[in-house]
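K.L.:
The sequence shown begins at 1 in my numbering and counts up by one. Here a beta-carbon is modelled for each residue, glycine too, at the ideal position from N, C-alpha and C. Pasting a structure here, questions to come.
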Amino acid sequence: LAAAAGLGGTAAWQYERAQDAGERAAQAERRAETLAGVLAAPDAESRTARLADGATGTVVVSGGQDRAVFLASGMAEPPSGKVYQLWFDDHGTMRSAGLMDPGRSSQAVLMEGAVDGAGGVGITVEPAGGSPQPTSDPVALLGMPA
1 LAAAAGLGGT AAWQYERAQD AGERAAQAER RAETLAGVLA APDAESRTAR LADGATGTVV
61 VSGGQDRAVF LASGMAEPPS GKVYQLWFDD HGTMRSAGLM DPGRSSQAVL MEGAVDGAGG
121 VGITVEPAGG SPQPTSDPVA LLGMPA
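Next up, the structure:
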């Protein structure tokens, strides 16, 4: 009887894990579709800048979708326990736009939230998990495409 109860508990745990994995996969698929939609939008405009250590960053904005994507190439790995955080620059007030994957030097990031008239994009080095407000000077600032 105890063995049957143990197997039932294991089956329930496996079912929950499968459900969670399915939800994460569906969420990732939606993000990828939105990201691709911004990049392919007929009104998409971009601005590219050289970042530290020869890296490049490009911000792509679709005004019609009010969304932005940040494309990074050649970014150095942040220090241990740190992460790059993206920000919308609302004319001097920084608004979090998500975290970059610290293990990838090149990546495309669907920025979180609406562009909503932001004047630029900033990147800071923050503690793992990010910060509600920047805790360091920006490693890069890019103006929004004209």
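Quick one: what's got a C-beta closer than 7 Å to Q107's C-beta in the same chain, skipping five residues either side?
P.N.:
A72, M100, D101, listed in sequence order.
K.L.:
Quick one, which of G37, R50, A12, Q27 has its alpha-carbon nearest G143's?
P.N.:
The shortest C-alpha separation from G143 is found at R50.
K.L.:
With DSSP run on the structure shown, which of helix, strand or coil describes D137?
P.N.:
DSSP places D137 in coil when its eight states are reduced to three.
K.L.:
Just the C-alpha distance for D43 and G103, rounded to the nearest angstrom, thanks.
P.N.:
For D43 and G103, the distance between alpha carbons rounds to 31 Å.
K.L.:
Using the rule of at least 16 other Cβ atoms within 10 Å of the residue's Cβ for burial, across every protein chain shown, is G129 buried or exposed?
P.N.:
Classification of G129: exposed, given that the 10 Å Cβ count is below 16.
K.L.:
Check whether the stretch 125-139 touches the stretch 81-92, counting contact only when three or more Cβ pairs, one atom from each stretch, lie closer than 8 Å.
P.N.:
Yes: the two stretches touch, three or more of their Cβ pairs being nearer than 8 Å.
K.L.:
Which residue from A68, T135, V139 puts its Cα closest to that of A118?
P.N.:
When only C-alpha atoms are compared, the closest one is A68.
K.L.:
Roughly how many whole angstroms lie between the Cα atoms of W87 and M94?
P.N.:
The straight-line gap from Cα to Cα measures roughly 6 Å.
K.L.:
What is the DSSP secondary structure of D101, reduced to helix, strand or coil?
P.N.:
Three-state DSSP puts D101 in coil, outside helix and strand.
K.L.:
Could you give the first and the last residue of the continuous beta strand (DSSP E) run that contains D89?
P.N.:
Segment 82-90, the beta strand (DSSP E) holding D89.
K.L.:
For L71, does the three-state DSSP call read helix, strand or coil?
P.N.:
Residue state, collapsed to three classes: strand.
K.L.:
Is it buried or exposed for D89, if we count other Cβ within 10 angstroms and need 16 for buried?
P.N.:
The residue is buried, with at least 16 neighbouring Cβ atoms inside 10 Å.
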